[in-house]
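If you're matching positions, the sequence shown starts at 1 in full-length UniProt numbering and goes up one per residue.
Just below is one structure, and these are the notes that go with it.
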Amino acid sequence: MKKDFYEILGISKSADAAAIKKAYRKKALEHHPDKNPDDKSAEEKFKLAAEAYEVLSDPNKKAKYDQYGHQAFDGSGGFGGGGHGGMNMDDIFSQFGDIFGSAFGGGGGFGGGGGGQRRTKGSNLRIKVKLTLEEIANGVEKKVKVKRKVQAPGVSYRTCSTCNGQGQVMRVTNTILGRMQSASTCPTCAGSGQILDKKPAEADSQGMITEDDTVSIKIPAGVVDGMQLKVSNKGNDAPGNSVPGDLIVAIEELEHQFLKREGENLHYDLYISFSEAVLGISKDIEAINGKVRIKLEEGIQSGKILRLKGKGIPSINGYGNGDLLVHVNVWTPKTLNKDQKQFFEKNLTDENFIPNPEKSDKSFFEKVKDMFS
Ligand SMILES: [Zn+2]
1 MKKDFYEILG ISKSADAAAI KKAYRKKALE HHPDKNPDDK SAEEKFKLAA EAYEVLSDPN
61 KKAKYDQYGH QAFDGSGGFG GGGHGGMNMD DIFSQFGDIF GSAFGGGGGF GGGGGGQRRT
121 KGSNLRIKVK LTLEEIANGV EKKVKVKRKV QAPGVSYRTC STCNGQGQVM RVTNTILGRM
181 QSASTCPTCA GSGQILDKKP AEADSQGMIT EDDTVSIKIP AGVVDGMQLK VSNKGNDAPG
241 NSVPGDLIVA IEELEHQFLK REGENLHYDL YISFSEAVLG ISKDIEAING KVRIKLEEGI
301 QSGKILRLKG KGIPSINGYG NGDLLVHVNV WTPKTLNKDQ KQFFEKNLTD ENFIPNPEKS
361 DKSFFEKVKD MFS
């Protein structure tokens, strides 16, 4: 059982952003690896605090966590192992290094003491993936082509001597309060800690080239238009001793020919003729994974909604499927021949043709209320 994120940071659920940040900073400093060398339990606590902070500092993730708990992030599958449930030290320093960086010399330089070098993280790449409703309902693996910056073959870097590979320089100023130390980005290497040593002809000024790459992305069932998935380390690389950024995949949902999506439910407009409504009929519905036959009893009313349980979209969190709601529309003929006209005129006053709704024929508003309950 995973420990509650609020408990890990020692705060209440009502803590605001500033309090969350403050609590994390305190925990991170307490369990910082530089302060607790070779202490595995401190490192574990340090990682747990970072994991908790990563979620609680992000309003979207926090909302998800508050609603679903750890389940919101576990078992969603296919997120490329991004972020949750086991952050590594590089992730922690690249994401939150600035929070406690200044408290330890070297601005987040991890490794302590002897020659620990800072690893820079490359920039993120962003792509859009268009998905059909079928792909969303079933989950899909997509191969996408991206242009990534990578270090050119044969390139080499050496440690920046200005900052000793730390990427930051400490400045000491004398103030009325005494000597103040502050860190700023190294002007020689612009923060990378590395200087280009040998540059191949085709490389740019940082020793990088652009390369075509194909990335396979596992998209879980139930994603929503606008949602972003992260594939770790499939973004641009950075010069020197670095880790690549991430590939951010934005989901775009393509419109379906027959089905309208509303959260996890699907809607289908069925049109039947007046005669079919009177006599009853079986009809094939275009559901998400093929046709489904439904039976309409004789005398079915226009506006009736049939609910096909579980024929909707799976929940992204794995809590079952939505439903398919079939809206019955009775098509009223717009033109009639002479015989048809006579037939209907004859029945204008026939009691079988006079509306007589029963209690079970719910009004439109009651049906809508049912749908959302
Ligand atoms: Zn430097």
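Note that the Cβ used here is the ideal one computed from N, Cα and C, for glycine as well.
query: Hey, out of Asp225, Asp212, Gly226, Met227, whose CA is closest to glycine 235's CA?; result: Asp212
query: Is isoleucine 176 helix, strand or coil when you go by DSSP?; result: coil
query: Against chain C, does leucine 254 count as a neighbour if the rule is that its beta carbon must be under 9 Å from one of theirs?; result: Protein chain content of the structure displayed is limited to a single chain, and chain C is not contained in it.
query: In the DSSP output, what is glutamate 135 paired with across the bridge?; result: Paired residues: none, contrary to the question.
query: So what does glutamine 194 bridge to, in DSSP terms?; result: Thr159
query: Flag threonine 162 as yes when its Cβ comes closer than 8 Å to any non-hydrogen atom of ligand 1, and as no otherwise.; result: yes
query: Taking only heavy atoms of ligand 1 into account, decide whether any of them is closer than 8 Å to the Cβ of serine 192.; result: yes
query: What is the C-beta distance between lysine 130 and leucine 259, in whole angstroms, given that I count them as a contact (C-beta under 8 Å)?; result: Lysine 130 to leucine 259, Cβ: 17 Å. No contact.
query: Output the boundary residues of the alpha helix (DSSP H) element that contains aspartate 237.; result: First-last for aspartate 237: undefined, no H or E at that position.
query: Is glycine 154 near lysine 198, with beta carbons less than 9 Å apart?; result: yes
query: Identify the residues that DSSP records as bridge partners of asparagine 289: which are they?; result: Beta-bridge pairing links asparagine 289 to no other residue.
query: Should threonine 120 be listed as close to ligand 1, given that the test is whether its C-beta is under 8 Å from any heavy atom?; result: no
query: How far does the beta strand (DSSP E) with valine 224 in it reach, from first residue to last?; result: It is not in any beta strand (DSSP E) - valine 224 carries neither H nor E in the DSSP assignment.
query: Can you give me the Cβ contacts of serine 156 inside the same chain, cut-off strictly under 6 Å, excluding the 5 residues immediately before and after it?; result: Asp197, Lys198
query: Starting from the Cα of aspartate 16, find the closest Cα among Lys62, Ser282, Leu177, Lys35 and give me that residue.; result: Lys62
query: Using the Cβ count rule (16 or more neighbours within 10 Å means buried), how would you classify tyrosine 271?; result: exposed
query: Between which two residues does the beta strand (DSSP E) containing leucine 306 stretch?; result: 305-308
query: Buried or exposed: where does proline 200 fall if 16 or more other Cβ atoms within 10 Å of its Cβ makes it buried?; result: exposed
query: So leucine 28 and alanine 50 are in contact, right, with Cβ under 8 Å, and what is the actual spacing, rounded?; result: One detail in the question is off: residue 28 reads as alanine in this sequence, not leucine. Yes, they are in contact, since the Cβ atoms of alanine 28 and alanine 50 sit about 7 Å apart, within 8 Å.
query: Below 9 Å between beta carbons: does that hold for leucine 306 and leucine 325?; result: yes
query: Express the C-alpha separation of glycine 122 and leucine 266 in angstroms, rounding to a whole number.; result: 41 Å
query: With respect to 8 Å, is the separation between the Cβ of glutamine 166 and the closest non-hydrogen atom of ligand 1 below this value?; result: yes
query: Compute every distance between the C-beta of threonine 188 and the non-hydrogen atoms of ligand 1, then say whether any falls below 8 Å.; result: yes
query: Please look up how many angstroms separate the CB atoms of serine 192 and glycine 245, rounded, as I've assumed it's under 8 Å.; result: So it is not a contact: roughly 14 Å between Cβ atoms.
query: What span of residues does the alpha helix (DSSP H) with aspartate 213 cover, start to end?; result: Run containing aspartate 213: none in the alpha helix (DSSP H); it sits in the beta strand (DSSP E), 208-219.
query: From the DSSP output, which residues share a beta bridge with valine 185?; result: Reading the sequence as shown, one finds threonine at residue 185 and not valine. Threonine 185 pairs with Gln168.
query: Output the boundary residues of the beta strand (DSSP E) element that contains leucine 279.; result: Careful: leucine 279 lies outside any beta strand (DSSP E), inside the alpha helix (DSSP H) at 274-279.
query: What is the residue span of the alpha helix (DSSP H) that lysine 27 lies within?; result: 17-30
query: Assign proline 59 to one of three DSSP states: helix, strand, or coil.; result: helix
query: Kindly indicate which three-state DSSP category glutamate 7 falls into: helix, strand or coil?; result: helix
query: Does at least one heavy atom of ligand 1 sit under 8 Å from the Cβ of valine 144?; result: no
query: Give me the Cα-Cα distance between glutamine 228 and glycine 320, rounded to the nearest whole angstrom.; result: 22 Å
query: Taking Cβ to Cβ, would you say isoleucine 209 is nearer than 9 Å to alanine 250?; result: no
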